[in-house]
Each structure stands twice: as structure tokens, then as C-alpha cells.
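Chains as they are written, first to last, in the UniProt record's numbering: chain G, 1 to 210; chain V, 1 to 210; chain Y, 1 to 210; chain P, 1 to 210.
The structure appears right after this line, and notes come after that.
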DNA sequence: CATGAATGAGGATTCATTCAT
DNA sequence: TATGAATGAATCCTCATTCAT
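Now the structure itself:
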């Protein structure tokens, strides 16, 4: 006798079907944000994109706007981590890891442009009523820590010279994200070449001065 | 036929009084966006901030939301240009100009945090119905050209080595903007020190490799 | 053809199991109304209170909202009748019965505050689309007849003087219910003492004038 | 030169026109509650009743459901006070005042049945999320104090015997309200006669025992 | 010039109910 | 018998914009 398909796939108290629906909605939300921008993303647009007949369905699966977009952010970050992480671990030196971090982030953007764009939109657009960024952003900034960690260790290993890890990390992350933004405006640029050049820039910036 | 007193002071077909009103509204819009975030900025919040009794006035002076926020962006960019421009011209070498560009941009942020924050919010939040960035953003990206120009000339003068001006410019601009974003989240950082370190990073990145 | 085991225990065409489920749901409905108020009582809150996993169960056992709340009212009235009835019969004179009616009604309220509160909420909140009270209320008002009957007979027996039974009954019932309402707002009052005083009031009101 | 009509009629910072609109909406709300019951009273029903084209108008004039219904309650209580108050003051003895209180309350109900019904509905239907009655009710219960005060003073003056003013007041108020409720269900009763009989009841109840 | 009342579309969310399994 | 996913109407509320004055 088989355990029912539903119960088998539970995650966090949710059934397989529930999880599937949530994933479907999250995917639709990502696409909608990427296409229309976060401020113009409404439940009805998402429902339409997902092929759902009403916005009620979304409220049925997500407690509210916040929960939905928190999950969107988590999903995108997870996808990015799964894309970038293995490539990072393959490298031996921290200098090589840094180069791969930059290049594979841009490669991820090239492969999932919607994901990255949506992430940026949501992180900037999501505030509580005191204009303080909410949960989603904490996750997003947490992703900066991977980079800080890499720089920290590389510094300790003597591979990098003369840098404040967090300042550098913020710069690198900003450079990457802004590159995506420009890529969105002028989609004809070659992201792979861009990635190499960006990596060159920060490779040089982390070298010891003569 | 006499030119009316009003018409004498025109700017783009508008009278002094009109310009004053528009400026008042633009100022209020900047403050409102900075305080509540672009998604929570409505005409009524702006009217309230400006001390106006109704939103009708705003619609009276601006053809629509787009026109208002275009003017906000233009105003902020003008302020930034007026702040950064003179400091740039004071320097002789392009390398020095680059350093000053970075430092004075962060200094501008420190002095007018609302302006910069509002700009970032609006640029990301303002799209037409096809999600194409509107006029505002074109202006914003235009501001990148100053930086590209500086790098271009410095390259020609042999001051910088080995860089693609536009790639570098996008990286620098992104690094600066992301620094502001982090400053907003953790307001205790010293923007002046940050500016120096950021300038160091890109100073090194533009040097010839040994 | 055999009568099935299930059918053997029918009540109004329903099996034991069905009755048990209905009772469980009715109990949950009473508690929910008492806790959250009728306007905030939804099927999902009731299902939650009953430990059911979905509202579908409720719709399955009750034809609709109206049927459920009709049964709630009937249940509460039955409980009140079972509480008050025997105490009433124990008394010999109608004057004594009247006193016991008042006191035991308040005692019932003290013992089952949720029941009484729920009843009041539902009676006021349940209307059909023409604002005509539905079945539930008819039952509720029917409960007034017990009181009218007591007054009628006492009058005939010469125990009460000078009163119109229905007017008096409405007054007494209103006084009792309003006492509960005040008890809900200020729960520190002693319902037993209140009951005695209330009984005193109407005991005096039913005496012949000197 | 005349002060503008608008400014002339201000009340609490509101213009004449605003006040008129608010009054119109409040009147429509009273009628709607009286006709459909509080639980079935929605902004759209009120807007329809008021002849307004959208519910937006109501939100435009009232900060929310709570503010609207608070004003409804205040309006009804004011009307009742204006009706009952003068009649009360005309009487010399507290015993006479008590009789007039009861009779004129029923007379008010006869004249403005919608008002009283709406009041009862709202007071019972309005709770915050902890099921605690809100502001409106405080006003409503405050109206009980007039009665308590009358009984208190009559007791001190030796006009009433042997009663706990608050218990008596709650009883009287409950009797009055329940009489209205029955009047609503069976509209053929003569409220004036009812009022006299109700007054008789409590007149007798407050007499000294022989 | 300026006002502020009015509009109506669109926002998220909750609800009772249905239906296939 | 029981489930829970799906529905879509209805909830209150906010919004940018218009228009008569």
C-alpha cells in the first residue's frame, strides 16, 4: 500500500499539491514582476499570469502579499545559491572564487533574467508602514555575507591586499546588480563578456599595490 | 499688445508663480518618497506634506503622475550635478576626477539623503504599462555619461589602463548606489570613510597591471 | 429489506454519527460566537474551533449558514429549558415560579455564559434578505410563552394584580437579557445577588397596589 | 461682506457641505441598518440608499466603518436625548420623571423606529477583534447613567423605596429595549399604551412595600 | 488661479459554497 | 463518509483624475 501522493511530499506541514500550487503562484509572481515591475504587480495580474480564475486562490495559499513575496525572494535566492554555490566550491583559491562569484552571478542573470530583476524590484519596493525594509531584505542582505566571507578568508590567506571586506562586498554586489539593470535597458550587451570584464576590475582592485 | 507681467518670467511657458508651486510640490514629493517609499507615495500624502488642502492642485500643475516624478528626478539630478560638477572641474587629472566623483557622490548622499533615496525609489518604480522605463530613467542613465566621459578621456590621456569605460562606469555607479542602500539599512556607517575606501578600490582597479 | 444499523438510530432522518458530528459543530459554533461575536464568526473559525480540517465538513452536514445557526439557537434554548424547567415545576405558587424563573435564568447565564451570549448575538444577527427574523428567532420568542403562561395562570389564580401578562413578560425578559449584557461588559457583578434583586423588583411590580 | 456659506457652518473643522454629506450618509446608514440589519449593512448598500454612485464617497467622508457607525450611534443618542431630555425636565418629582422617561423613550421609538433599531443592532454588532465592544457602546451605556442618576436622586429624596439604582436601571432599560424588539416583530401593538403599562410596572416596583 | 467634491476603477482579502475524489 | 481545493462574489478601502465653481 502506497502512502498517498499528497502526504508523501509534505514540506513544512504542506501537502504536495499545496506546494505545487504555491510554486506555480510564485513562478507567476516572478514573471509578473519581471514583466510589469513590482509597483504594477497586483494579485489579479499574478492570477492571470498563473491562469487562475480569481485572486481569491492566491489569498487561499498565501496569508498575504508579504508572505507571497517573501517566498518569491526566498525562491530566487535559493535558485541563485544553487547556481552559484557549486561553481564557487569548485575553485581552490579565494581569488578564483571571487572571479567565479562575479561571473556566475552574471551568468545566472543571463539564464534567469526574470528572477534577478524581480528580486531587485521586490527588495526595493517592500517596506512596512515605517518605510523599513521587511523580512525579504534581510534574506537578500544575508546573501551578501557569502561574499564577505569569501573576501574575509582570502584576506586572511594573504590572497587579497588592503581591503575592507564589507566595503568591497557592497561595491561588488552593487556593480553586479547595476550591470543587470543596464542589461535590462540595453539587452544587446554580452553578459558573459561583461562578467569577465567585471571580474577583471575587482581582481585588479584586490591586488596588492606595487 | 503688451506682454503681461506674468508671462515675463516664463520658464518653458510657465509663470513665476506656477514654477514656485511646482517646485513646492516637487520638494514635497521628494520628502514623501524618502519618508514613505515610492510605493506608498500617493498624491494625497504629497499634498499633505506640501500643506495643500487637496490633491486637485497637484493634478492642476502636473499633467499626471509621470510628469511629476519626471520633474522630481530631473530636480534631484540637477542638484547632484550642481554638487558634484564643480568639485570635478577643480581637479586636474582624470584619475583625481574619478576619485572626487566617487567621494563627492557619497558626500552628496550624506548631505541630501532624501534626494538620493527618492531617486533610487522612483527610477525603479516608474514604468509605463509595458514596463518600459519612462523619461525619468533616461535622464538618470544620462547621468552615467558624465562618468563614462571622464573614463574615456582619462584612458585617452593614458591615465587609466585596461578598462572598458562603460563597464567600469556601470560598476562604479552600482557600487556607489549600493553603498547608499546599505547606508540606509545601517545608518551608522561613516559615509566619508566609505567614500575614501570606495575611491581606493576603483583607483586600484584602473591602474596598469604590473 | 433490512433496516440498516445506521438508520436504526435516526433522528429526523439522520444517523447517530451524523448527529454526533452536527452536535460537535454546533458546540464549536456556540463557543466561536461567544468568543468572537456573531459578525466575526465564519465557517473557517468554527471548523478550527471544532478541530476540523476544512469548512467543507460544515457545509456537508448543514444545508447552509441558516440551518446551522437555527440548530445552535434550538440547542441553547433546549439547554435553558432543561435548566429552568425543573426548577419552575418544583415551586407551588406562580409568584414563587416567577421568582425562580428570573433567578434561574440568571443562574443559567452564570453557568453557561457562552450559550446565552451566543443566543443573543445570533437572534439579533440572523435575518433573511428582507430583514425578517428567521426560524431561529421564532423559537426564541416562543420561549417567552413559558413566562406569559406563568403570568396568565398566576393572574387567574389571583396571585398577581393589575398586569398585562405579555407586557410584563416582555419587560422581565428584557430586564434579564440586559442584565446579562451588563454582566458581559462588567464581569465583576455577582449574578446571584443581581438575580435576587431583579426578582424582588418584579415581585413588587406584580403586587396589588395598596 | 458675508462669511462664505461653507466656512460659516463649520463643526470640528468641517465645512457646511462636508457636514451635510456626512449627515446624509449617516441618515442612509441608519435606514439601511434598520431595513437590512447591521450584519447585512455594507458600504455599497448605504451608498445605494443615499443615492451615491460609489462606496468610495463614504470612505472619502469617513475614515472607516468604525467612524461612520460611531457617528451613527452619536446621532441617534443625540436625537433621543433631545426628545427625552426636555420632557424629563418638565416634571417635578423623580417618580414623575421615571414615568416620563419610560413613556417618552417608547414614544421616541414610535416616532423614530429606525433610529432605535439601528442603535440596538450596532451596539450589539460592533466589537473589536477581541470581541470587546468599542467606543460606540461606551456612549450607549453612558445613556444609562441618566436613568441611574434619576433613581439615585429619587431615592435620596425618599420618593423610591428599597432599590439598587443600577440594577433597577438595567432592568428598566432592558424592558424598554425589549419592548421595541417585540414591537418590531409584531408592529401592530400600541406603543403608547405599552409605554403607560411599562411605566406602571416600574412605578409599582419602586413603591415602598406595605 | 485655486478648490475640493465626486468619481469609478482597482487594491487585497474573506466568505460560504461546490465538487471531484 | 469525508476531504480540501477551487470558486467568485462581496467586503472595505485607496487611488489618480476630473470638473463645476
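Every residue, glycine too, gets a C-beta built ideally from N, C-alpha and C.
These numbers come from a predicted model, not from an experiment.
Can you name, in chain order, every residue of its own chain whose Cβ lies under 6 Å from the Cβ of residue i, other than the five neighbours on each side?
i: residue 104 of chain G; result: 84 and 87
i: residue 116 of chain V; result: 109 and 180
i: residue 125 of chain Y; result: 38
i: residue 161 of chain V; result: 208
Suppose contacts are defined by Cβ-Cβ distances below 8 Å. Is residue i in contact with residue j by that definition?
i: residue 61 of chain V; j: residue 25 of chain V; result: yes
i: residue 112 of chain Y; j: residue 74 of chain Y; result: no
i: residue 39 of chain G; j: residue 39 of chain V; result: yes
i: residue 58 of chain Y; j: residue 66 of chain Y; result: no
i: residue 52 of chain P; j: residue 143 of chain P; result: no
On the DSSP letters alone, give me the boundaries of the alpha helix (DSSP H) that residue i sits inside.
i: residue 64 of chain V; result: Where residue 64 of chain V is concerned, there is no enclosing alpha helix (DSSP H), given that its DSSP letter is neither H nor E.
i: residue 188 of chain G; result: That residue, residue 188 of chain G, is in no alpha helix (DSSP H); it is neither H nor E in DSSP.
i: residue 36 of chain V; result: 16-36
i: residue 111 of chain G; result: 94-111
i: residue 53 of chain P; result: Segment: none, residue 53 of chain P is in no alpha helix (DSSP H) and carries neither H nor E.
From residue i to residue j, what distance separates their C-alpha atoms?
i: residue 71 of chain V; j: residue 27 of chain V; result: 10 Å
i: residue 119 of chain V; j: residue 43 of chain P; result: 39 Å
i: residue 41 of chain Y; j: residue 82 of chain P; result: 36 Å
i: residue 99 of chain P; j: residue 19 of chain P; result: 36 Å
i: residue 68 of chain V; j: residue 36 of chain V; result: 17 Å
i: residue 21 of chain Y; j: residue 14 of chain Y; result: 11 Å
i: residue 91 of chain G; j: residue 151 of chain G; result: 14 Å
i: residue 175 of chain Y; j: residue 175 of chain P; result: 5 Å
i: residue 3 of chain Y; j: residue 121 of chain Y; result: Note on residue 3 of chain Y: pLDDT 39, under 50, position unreliable in the model; the coordinate value appears next. When rounded, the distance between both Cα atoms is 41 Å.
i: residue 186 of chain Y; j: residue 145 of chain G; result: 55 Å
i: residue 154 of chain V; j: residue 163 of chain V; result: 11 Å
i: residue 188 of chain V; j: residue 102 of chain V; result: 20 Å
i: residue 64 of chain P; j: residue 123 of chain Y; result: 26 Å
i: residue 54 of chain P; j: residue 56 of chain G; result: 23 Å
i: residue 34 of chain Y; j: residue 23 of chain Y; result: 17 Å
i: residue 215 of chain Y; j: residue 167 of chain Y; result: What is shown of chain Y runs 1 to 210, which leaves residue 215 of chain Y out entirely.
Sorted by chain position, which residues of the same chain lie with C-beta nearer than 7 Å to residue i's C-beta, five sequence neighbours on each side aside?
i: residue 159 of chain V; result: 93, 94 and 95
i: residue 49 of chain V; result: 28, 31 and 32
i: residue 97 of chain Y; result: 88, 91 and 150
i: residue 147 of chain Y; result: 101, 169, 172 and 173
Can you name, in chain order, every residue of its own chain whose Cβ lies under 8 Å from the Cβ of residue i, other than the five neighbours on each side?
i: residue 184 of chain P; result: 113 and 117
i: residue 106 of chain G; result: 176, 179, 180, 191, 192, 194, 195 and 198
i: residue 45 of chain V; result: 32 and 36
Margin query: Between the segment 194-208 of chain V and the segment 192-206 of chain G, can you find at least three pairs of beta-carbon atoms closer than 8 Å?
Written below: Yes, the segment 192-206 of chain G is in contact with the segment 194-208 of chain V.
Note to self: Count Cβ pairs between the segment 188-196 of chain G and the segment 180-200 of chain V that sit closer than 8 Å; are there 3 or more?
What the structure shows: Segments in contact, no.
Check: Are the segment 168-180 of chain G and the segment 161-180 of chain V in contact at 8 Å, needing three or more beta carbon pairs?
Finding: Taking 8 Å as the limit for Cβ pairs, the verdict is that the segment 161-180 of chain V does touch the segment 168-180 of chain G.
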